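J.:
Residue numbers (my numbering): 25 to 1199.
(1) Once DSSP output is grouped into helix, strand and coil, what is the label at residue 85?
(2) In terms of alpha-carbon separation, which member of 53, 509, 124 lies closest to residue 94?
(3) Measuring only the C-alpha atoms, how far is residue 1081 from residue 1039?
(4) What span of residues does the alpha helix (DSSP H) with residue 787 cover, start to end?
(5) In angstroms with no decimal places, state the Cα-to-Cα distance between residue 278 and residue 378.
(6) Compare the C-alpha of residue 655 against each of 607, 735, 677 and name the closest.
(7) Run the CB neighbour count on residue 285, radius 10 Å, all protein chains shown included, and call it buried at 16 or more, exposed below.
(8) Comparing C-alpha positions only, which one of 1091, 1065, 1014 sits nearest to residue 1119?
(9) Check whether the region 1020-1029 and the region 1105-1121 are in contact - that is, three or more C-beta pairs closer than 8 Å.
(10) CA-CA distance, residue 638 and residue 723?
(11) Ignore the nearest five residues each way along the sequence and tell me which others in residue 943's own chain have a CB closer than 7 Å to its CB.
(12) Quick check on residue 235: does DSSP put it in helix, strand or coil?
(13) I need the straight-line Cα distance from residue 42 to residue 762, nearest angstrom please.
(14) For a test of the three-state rule: what should DSSP assign to residue 1156, helix, strand or coil?
(15) According to DSSP, what are the bridge partners of residue 1066?
(16) Identify whether residue 766 lies in helix, strand or coil by the three-state DSSP scheme.
(17) Between which residues of its own chain and residue 402 is the CB-CB distance below 8 Å, once the five residues before and five after are set aside?
(18) Distance, Cα to Cα, residue 472 vs residue 529?
(19) Would you say the region 1068-1079 touches the region 990-1001, given that touching needs at least three Cβ pairs under 8 Å?
(20) Helix, strand or coil for residue 130, going by three-state DSSP, please let me know.
(21) Going straight from the alpha carbon of residue 242 to that of residue 413, what length do you get?
(22) Looking only at its own chain, which residues have a Cβ that is under 6 Å from the Cβ of residue 676, when we skip the five neighbours before and after it?
(23) With the cut-off set at 8 Å, would you say residue 554 and residue 591 are in Cβ contact?
(24) Output the distance between the C-alpha atoms of residue 526 and residue 511, rounded to the nearest integer angstrom.
(25) Quick one: what does DSSP say residue 724 is sitting in, helix, strand or coil?
(26) My output table needs one value for residue 597: the three-state DSSP class, helix, strand or coil.
(27) Have a look at the DSSP bridge pairing and note the partners of residue 514.
(28) Nearest to residue 617 by alpha carbon, out of 607, 600, 766, 730?
(29) If I follow the unbroken alpha helix (DSSP H) through residue 201, where does it start and stop?
(30) How far does the alpha helix (DSSP H) with residue 845 in it reach, from first residue to last?
(31) Answer yes or no: do residue 1069 and residue 903 have a C-beta to C-beta separation smaller than 8 Å?
(32) Any chance you could list the alpha helix (DSSP H) runs of at least 4 consecutive residues sitting entirely within the region 449-505, in chain order?
(33) CB of residue 1167 to nearest heavy atom of the ligand MG: below 7 Å?
(34) Exposed or buried, which one is residue 44 when buried takes at least 16 other CB atoms within 10 Å?
(35) Restricting to Cα atoms, I'd like to know which of 1152, 1167, 995, 491 is closest to residue 1087.
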């Protein structure tokens, strides 16, 4: 794992490195204190290539220049220019320009004193091809000159000033005149109070009587009319020649007062002073309002207003005021705001323009900056000022300067990084001998220092400048964090500044502090670009490849060269850059990079372009080797050949090694998660191969064997093989060549499978599809199953990637899809992206062979019975393949009725309070268990047992004796009698539905008539209609309005009627000795009706019982008892006859004949005796 990470790291490093060799730099060291490497240039004088290096802080900041050579690997100090006069040259070597025959190096810091004022100019020294000083020049040099100054002291003489203070005032004026007596300043004095008078004028000063008049001046002691006094000075002194004033002199006024003005500026005297460019210095003494006094001063008002506590402080102001007066004398511009060349610092930048030299002078015109074109030297020295009138002060124009050329016109670009605080770049073009402003461009961010670095890019090396590179090293971006930005502008005749690209590379480090155009590095005939970020770590340089459209190629990550890999231990690496020459005679461009204390020469390496080709044999994978099942059997499917052709893009010379170490990576079947091919016959997961090879100039090929399993799912889609390679240093050797970034490092090839098709090689399948439902209807029961029989045939050519797509309502879910017979494989649901109304089933991938016919059984499950089902369920099944030519037969639509499963029952309902608690408990238990079984279709055996118990219970309930299902009548009790019957309708299913209840009953028999009173539904108080219907007797029909019966609910219907005995006269006179009975049965039938096409009764094992019809038999019995009169009469007559018979028998027996007394005595005795015996 660590080895792989190291390989990837090396590959990333080399892919970014382009062809700059950072491993073998040539280093030149100086002193960091002298800033050796601040500037660096490549040049060739004669046949000797040299490196010019600036060290501006060398020798206590006097500066040095060095010449270094790559062959000697040493540096020589150039003859340092001597000091002339009182001028001390500092920072020599800060800027320089080189040509094929000369070198100009400048010091932009040459201070000199002029009458107490410090000037700061510059000096440039010119060297010949032998690097000997031949001349020097000072562009924008300010000579020491004096100018006439007329200065008036206007001092306060009001009553608020005491006598000794007044005297101090006069002594202060006397001391100022004495110290400036040798200057070109002429003085005058005026005292003001309520009135104004001249103490002495300019003539008195020149004649020497001014001091005497001043000391004799008497204190006026009145008001403080300041504005009146200033107006007096303008009229009587500064603008009056007779007072000794010089009309061309600079006018100045010093006001000394201890009070606020007592008058108003009615005459706009301050405005007049500004118009006449009169300098005004205000000295406030004591308790004064400085805000008001400040308005009297000239700009800058705060700097020209002074405050002292009392007049004793005038002595402390003497030196400060003296310096300001010296500045007036030594500057042509009295305000001090528009200095011309006093602080020019010429030589801040320098370039060659044919026979002239152009130097940048950042301090000219009060730091507006300017350029100076210098020709000749000595007495023939000429300089031409080049300015941009639109540039404001403190812009620093000339900070950077670069020259270009387009269509024979010289283009001069100058950067002003502080212009308007955003930065500015101005373009000048030369017409004959005059430089004219053509265009300019402003920076986009305040403080970015836009224009601090400039470079022009001739990207195609045709002598025409194509792009301008502008650095803004202080540009800041927060998200993503970046410091420094490089702007690239296209140069064209129509629009010289057309921005094409912005580049921000470094998060910190002042990216684009330095910018350099590089001669073509990699042999693509396009110039490249180097950008320095000297404060990123110890310093970093970025190398960008050139691009004809954008200047630099944004598609490639630049090469990042950190200081630690080239000049370790030094700071500000990348502060200076140069890369226009071959310094070691190998015909490759070398780059010079400067740092604080050293420079590095980085050599370019040969760039090799590599073209690749992938081929294979045989031309297709034979299908004869594939056979299923064939577990883990493999075969050599084909051979792969990878060829490389290496050519050099650069034009290097010498004995450079041009071999490259390359990491070759192969990947089989790259578009698949599981590869069908592999490299190692014993390892089916070896889909990738990495090999390290050494490439040399010319062509080289490498062969590889690709293996496959004999049984694969897809033998139609070709195997896509990817090859990529990258340069690596894994192999040992002296390899210095670099892979060209424009080389195509990735190649693909597709290896097809054999196809057995028509002679014209076109494979057209002919898929035919049909299907049928195995059910007459789709019954909506939760988790119920529904099956479809599908027939697929292919009389055409082999069908590739065949599939069947089943479209069905969302309430269904495909549970199983299998072939009924044969070995046809199928796989469903892996290509539908979570769709709930569609399932795609792959059929016998990869090939559904010609002449194949297969039956499939698709089993669906009702997943959402509460779905909004229509009356019919429509299903569409289609067949697809990659090469199907039949566009009509593979699409079939069919529908089937949809029925909802319901569980309805109507039965006679009893209110018998005599049924004991055990029976009620049993009824409740069985009913609840039946309800649970309806919900749980998996309970089978228990359900059957409970059904039998339920049937028994229902039969038991129907024969209960509590309901009025039996009535008896007699001749004495003929009625009417009340008949009350209650029916219950139950819905134990999951679906509510509209139902209709109808009742039919016999209303009349021979002896009994039934008259219904009412029939209604208790829950909704629905009244039902009654009508008679003749049908083999007298029948009545009761029909109740249709109502909606909710799921898991029940309703009750109550029937009340009167029963009465009729037609019994024949029994009234009929005498009978035995009881007579006549039975009548009234059959009451209750029927439950609903839409049977939409709803279907759920079968629960009671199919032999009609749960939607309940018939109740009401038995009516007529009893005629035996005739009481007949029985009594017959008994009386019979008894009488029987009595007669007995009497006759008695008579015949002599029962009634009279005998003697003796006989009776004997009988009595006998009886008594008998009785005695019994006892």
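Backbone N, C-alpha and C define an ideal beta-carbon position, used for all residues, glycine too. These numbers were taken from a predicted model, which means no experiment stands behind them.
T.: Looking at the atomic coordinates:
(1) Locating residue 85 in the chain shown gives position 61, counting from the first residue. Note: residue 85 maps to helix in three-state DSSP.
(2) Walking along the chain shown from the start, residue 94 turns up at place 70. Answer by Cα proximity: 53.
(3) Counting from one through the chain shown, the residue named residue 1081 turns up at place 1057. Counting from one through the chain shown, the residue named residue 1039 turns up at place 1015. Between the alpha carbons of residue 1081 and residue 1039 lies a gap of roughly 9 Å.
(4) In the chain shown, the residue the question calls residue 787 occupies position 763. Here residue 787 belongs to no alpha helix (DSSP H), and DSSP marks it neither H nor E.
(5) Reading the chain shown from its first residue, position 254 is the one you call residue 278. Reading the chain shown from its first residue, position 354 is the one you call residue 378. Computed Cα separation, rounded: 53 Å.
(6) Residue numbering aside, residue 655 sits at position 631 when the chain shown is read from its first letter. Nearest neighbour of residue 655 by Cα position, chosen from 607, 735, 677, turns out to be 735.
(7) Locating residue 285 in the chain shown gives position 261, counting from the first residue. Classified as buried, residue 285 has 16 or more neighbouring CB atoms from the shown chains inside 10 Å of its CB.
(8) In the chain shown, residue 1119 corresponds to position 1095, counting from 1. For the residues 1091, 1065, 1014, the minimum Cα distance to residue 1119 belongs to 1014.
(9) Contact holds: three or more Cβ-Cβ distances are below 8 Å.
(10) As a first step, residue 638 is located in the chain shown; it is residue number 614 there, counting from the start. As a first step, residue 723 is located in the chain shown; it is residue number 699 there, counting from the start. If you take the alpha carbons of residue 638 and residue 723, they lie about 13 Å apart.
(11) In the chain shown, residue 943 corresponds to position 919, counting from 1. Only weak support is given to the placement of residue 943: the predicted model assigns it a pLDDT of 41, under 50, and the value that follows is read from those uncertain coordinates. If we look at residue 943 and ignore the five residues flanking it on each side, it has no Cβ neighbours.
(12) Numbered from 1 along the chain shown, position 211 holds the residue referred to as residue 235. Residue 235 falls in the helix class under three-state DSSP.
(13) Numbered from 1 along the chain shown, position 18 holds the residue referred to as residue 42. Numbered from 1 along the chain shown, position 738 holds the residue referred to as residue 762. Cα-Cα distance, rounded: 7 Å.
(14) Taking the first residue of the chain shown as 1, we reach residue 1156 at position 1132. Under the three-state reduction of DSSP output, residue 1156 falls in the helix class.
(15) For the purposes of this step, residue 1066 is taken as residue 1042 along the chain shown, with counting starting at 1. In the DSSP secondary-structure assignment, residue 1066 is not bridged to any residue.
(16) As a first step, residue 766 is located in the chain shown; it is residue number 742 there, counting from the start. Three-state DSSP puts residue 766 in coil, outside helix and strand.
(17) Indexing the chain shown from 1 puts residue 402 at position 378. Around residue 402: 159.
(18) Within the chain shown, the letter at position 448 stands for residue 472. Within the chain shown, the letter at position 505 stands for residue 529. Cα-Cα distance, rounded: 15 Å.
(19) Not touching, per the Cβ criterion.
(20) Counting from one through the chain shown, the residue named residue 130 turns up at place 106. If DSSP states are grouped into helix, strand and coil, residue 130 belongs with the strands.
(21) Here the question's residue 242 lines up with position 218 in the chain shown. Here the question's residue 413 lines up with position 389 in the chain shown. So the two alpha carbons sit approximately 53 Å from each other.
(22) Start at 1 with the first residue of the chain shown, and residue 676 comes out as number 652. Answer for residue 676: 610, 611, 612, 630, listed in chain order.
(23) Counting from one through the chain shown, the residue named residue 554 turns up at place 530. Counting from one through the chain shown, the residue named residue 591 turns up at place 567. In this structure, residue 554 sits away from residue 591, with a CB-CB distance that is not shorter than 8 Å.
(24) The residue you call residue 526 lines up with position 502 of the chain shown. The residue you call residue 511 lines up with position 487 of the chain shown. So the alpha carbons of these two residues sit roughly 5 Å apart.
(25) Position 700 of the chain shown, counting from 1, holds the residue named residue 724. DSSP places residue 724 in strand when its eight states are reduced to three.
(26) In the chain shown, the residue the question calls residue 597 occupies position 573. Strand.
(27) Taking the first residue of the chain shown as 1, we reach residue 514 at position 490. DSSP lists 491, 522 as partners of residue 514.
(28) Mapped onto the chain shown, residue 617 falls at position 593. Cα-wise, what sits closest to residue 617 is 600.
(29) Taking the first residue of the chain shown as 1, we reach residue 201 at position 177. Unbroken alpha helix (DSSP H) run through residue 201: 187-203.
(30) Counted from its first residue, the chain shown places residue 845 at position 821. DSSP places residue 845 outside any alpha helix (DSSP H), giving it a letter other than H or E.
(31) Here residue 1069 refers to the residue found at position 1045 when the chain shown is read from its first residue. Here residue 903 refers to the residue found at position 879 when the chain shown is read from its first residue. Remark: C-beta atoms of residue 1069 and residue 903 do not approach each other more closely than 8 Å.
(32) Segments of the alpha helix (DSSP H) lying fully in the region 449-505: there are none.
(33) Among the components modelled here there is no ligand, and therefore nothing to report on the ligand MG.
(34) Taking the first residue of the chain shown as 1, we reach residue 44 at position 20. With 16 or more other CB atoms across the displayed protein chains lying within 10 angstroms of its CB, residue 44 is buried.
(35) Walking along the chain shown from the start, residue 1087 turns up at place 1063. Distance check between residue 1087 and each of 1152, 1167, 995, 491 places 995 closest, using alpha-carbon atoms only.
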